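At position 152 of the sequence shown the residue is numbered 1516 (our numbering), and the sequence of numbers has no breaks.
Using N, Cα and C, we set each Cβ at its ideal position, and we do this for glycine too.
Keep in mind it's a predicted model, so treat the numbers as computed, not measured.
The structure appears below as structure tokens.
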Amino acid sequence: MGGLGSGRRPSYPGTLADCRALRVADVPRERLVAALEEADGMTPAVTVDGVALALLVRPQPLGGRRAWWACPWCARPCATLYAPRSGVPRWTCRRCLGWPYPSQREGAAARADRRARRLAARLGEPFPWLADALAAPPPRPPRMHRRTYARLREA
């Protein structure tokens, strides 16, 4: 009773990788402009899966405007809304959904593997050269600063 590993585990139904994501940046610009023109002083909306999602338009500090989704549950501005793949499409922000990012549920080994793969991709080489400790590092990619390359080789 009460031994190592006993107790309740967090019961997340999944991660955000298991959800459908709807980014404002993925909505065609013509559709956003049409929604803003149709609103005529009211809150503009875009219909997705039969659900009207409100848009917020905010001024940017250096000029221009940027569109955000208004979360249907908390009305907070969001760049991305998520809906679980199963069931009714209920679009919400990440906070209201309460699901973690996939990287938040990785172990130490998976995090190290992801970092090594990202480093190899940044150097423009396939991953296997990292597995061989005696292998020479790949040549510096064109247009990468020497200091950046030296720092990445030491990582």
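**Request:** Give the DSSP-derived three-state secondary structure of Tyr1513 in the structure shown.
**Result:** Here residue 1513 is taken as the residue at index 149 of the sequence shown, counted from 1. Note: Tyr1513 maps to helix in three-state DSSP.
**Message:** For Leu1420 and Trp1433, I'd like the C-alpha separation in whole angstroms.
**Reply:** Position 56 of the sequence shown, counted from the start, is the residue given in the question as residue 1420. Position 69 of the sequence shown, counted from the start, is the residue given in the question as residue 1433. Between the alpha carbons of Leu1420 and Trp1433 lies a distance of about 6 Å.
**Prompt:** By Cβ distance, which residues of its chain are closer than 6 Å to Pro1408, with the 5 residues on each side in sequence left out?
**Reply:** Reading the sequence shown from its first residue, position 44 is the one you call residue 1408. Contacts found: Ala1399, Leu1400, Leu1419.
**Message:** On the criterion of 16 or more Cβ atoms from any shown chain inside 10 Å, does Cys1435 qualify as buried, or is it exposed?
**Reply:** Working through the sequence shown from its first residue, we reach residue 1435 at position 71. Classification for Cys1435: buried.
**Request:** Return the first residue and the last residue of the alpha helix (DSSP H) that Cys1460 is part of.
**Result:** In the sequence shown, the residue the question calls residue 1460 occupies position 96. Annotation for Cys1460: the continuous alpha helix (DSSP H) segment containing it runs 1458 to 1461.
**Message:** Between the alpha carbons of Leu1516 and Arg1475, how many angstroms are there, rounded?
**Reply:** As a working note, residue 1516 is residue 152 in the sequence shown. As a working note, residue 1475 is residue 111 in the sequence shown. Going from the Cα of Leu1516 to the Cα of Arg1475 covers about 17 Å.
**Message:** On the criterion of 16 or more Cβ atoms from any shown chain inside 10 Å, does Thr1456 qualify as buried, or is it exposed?
**Reply:** Taking the sequence shown and counting its residues from 1, one reaches residue 1456 at position 92. Buried, because 16 or more other Cβ atoms sit within 10 Å of the Cβ of Thr1456.
**Request:** Could you tell me the distance, in whole angstroms, from the CA atom of Cys1442 to the CA atom of Arg1422?
**Result:** Start at 1 with the first residue of the sequence shown, and residue 1442 comes out as number 78. Start at 1 with the first residue of the sequence shown, and residue 1422 comes out as number 58. Using only the alpha carbons, I get a separation of about 12 Å.
**Message:** Taking its Cβ as the centre, do 16 or more other Cβ atoms sit within 10 Å of Cys1438, making it buried, or is it exposed?
**Reply:** Within the sequence shown, residue 1438 is the residue found at index 74, counting from 1. Burial call: exposed.
**Message:** What residue range does the beta strand (DSSP E) around Ala1447 cover?
**Reply:** Residue numbering aside, residue 1447 sits at position 83 when the sequence shown is read from its first letter. 1444 to 1448 is the extent of the beta strand (DSSP E) around Ala1447.
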